[in-house]
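*Asks:* Those letters in the sequence shown? Residues 1 to 134, per UniProt numbering, in order.
Ideal Cβ placement from N, Cα and C applies to all residues, glycine included.
Let me give you the structure first, and then I'll get to my questions.
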Amino acid sequence: MSAVATTPAERGGRADPRRRGRLVLADRVVEKIAGQAAAEVAATAGRSGGFLGIGSDADTTARPKVDVTLSSESADLAVAVGIAYPGSIRRATQELRDHVTERVETLTGVDVRRVDIDVTFLALADGPAKGALR
Numbered sequence: 001m002s003a004v005a006t007t008p009a010e011r012g013g014r015a016d017p018r019r020r021g022r023l024v025l026a027d028r029v030v031e032k033i034a035g036q037a038a039a040e041v042a043a044t045a046g047r048s049g050g051f052l053g054i055g056s057d058a059d060t061t062a063r064p065k066v067d068v069t070l071s072s073e074s075a076d077l078a079v080a081v082g083i084a085y086p087g088s089i090r091r092a093t094q095e096l097r098d099h100v101t102e103r104v105e106t107l108t109g110v111d112v113r114r115v116d117i118d119v120t121f122l123a124l125a126d127g128p129a130k131g132a133l134r
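Below, the structure is given as structure tokens:
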């Protein structure tokens, strides 16, 4: 006696995407992806060193800090970042917002509804060696 295939997967096809299950991403995963995307923008800097934020230094090689609030269908991001100065802060933040939105949506499939940017410091472009801005 042979079994009769009753689902597309059993017949060699793919199951309907709505019936395959679901993927759950942790907030921390989206934070890491958004932080890396923010670091890819040339005019941004993060902070490194210090303890609990005290004594930390501007660092072009550090990822900006990102907080994520995930809902069932979208994400809201809050990015704390330093911006290279002199330069257009408006242009740098718009480039950052566009790049982070595009990368997070592409890599996670999560719709980014909002990106709030908090410019926490201005990094002087003519500072000391690369990687250690003032």
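Enumerate in chain order the residues of its own chain whose CB-to-CB distance from residue 104 is below 8 Å, with the five nearest sequence positions on each side excluded.
*Replies:* Here residue 104 is taken as the residue at index 104 of the sequence shown, counted from 1. Excluding sequence neighbours, residue 104 sits near 30, 33, 34, 37, 75, 77, 110 and 112.
*Asks:* Across which residues does DSSP place residue 74 in a beta bridge pair?
*Replies:* Counting from one through the sequence shown, the residue named residue 74 turns up at place 74. For residue 74, which the question treats as bridged, DSSP gives the partners 111.
*Asks:* If you run the structure through DSSP and keep just helix, strand and coil, what is residue 116?
*Replies:* Here the question's residue 116 lines up with position 116 in the sequence shown. Reduced to three states, the DSSP call for residue 116 is strand.
*Asks:* Name the residue from 28, 46 and 87 whose alpha carbon lies nearest to the alpha carbon of residue 70.
*Replies:* Counted from its first residue, the sequence shown places residue 70 at position 70. Measuring from the Cα of residue 70, the nearest candidate turns out to be 28.
*Asks:* Given a cut-off of 8 Å, decide if residue 81 and residue 46 are closer than it, judged by their beta-carbon atoms.
*Replies:* Along the sequence shown, read from residue 1 onward, the residue named residue 46 stands at position 46. Along the sequence shown, read from residue 1 onward, the residue named residue 81 stands at position 81. In contact: residue 46 and residue 81 (Cβ atoms closer than 8 Å).
*Asks:* Taking Cβ positions, are residue 41 and residue 95 nearer each other than 8 Å?
*Replies:* Residue numbering aside, residue 41 sits at position 41 when the sequence shown is read from its first letter. Residue numbering aside, residue 95 sits at position 95 when the sequence shown is read from its first letter. Contact flag set, yes.
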